[in-house]
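Colleague:
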Amino acid sequence: MNQSADEIYHFYKLRFQIEFIFRDAKQFTGLSDCQARDVKKLDFHFNASFTALNIAKLDAHRQH
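Using our numbering, the first residue of the sequence shown is number 344, and each one after it goes up by one.
1. I361 to R380, Cα distance in whole Å?
2. How long is the line joining the alpha carbons of L385 and Q378, rounded to whole angstroms?
3. In terms of alpha-carbon separation, which member of R405, A403, D402, T394 lies closest to G373?
4. So S347 and A368 are supposed to be a Cβ contact under 8 Å. How far apart are they, rounded?
5. When we look at the beta-carbon of L401 and count the other beta-carbons within 10 Å, is it buried (16 or more) or exposed?
If you want it as structure tokens, here you go:
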């Protein structure tokens, strides 16, 4: 593995952004509340959850 310290820092920074997205989706948009078993229904729920999160973040960004 031949990565510079800057590259490693960049990858960790990206990784934690992904962690924050999943945390917010679980806490605020019900990502983990789906009880469906059908793959299409689960897919719809996950997409709706992340879409709601993106809209909320966009709205918050526009207000500042």
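For glycine and all other residues, C-beta sits at the position ideal for the given N, C-alpha and C. If you're wondering where the values come from, they're calculated on a predicted model, not measured in any experiment.
Modeller: The structure says:
1. Counting only the Cα atoms, R380 lies some 25 Å from I361.
2. So the alpha carbons of these two residues sit roughly 8 Å apart.
3. Considering only alpha carbons, the answer is T394.
4. Contact between S347 and A368 does not hold, since their C-beta atoms are separated by about 32 Å, which reaches or exceeds 8 Å.
5. L401 is exposed by the Cβ-count criterion.
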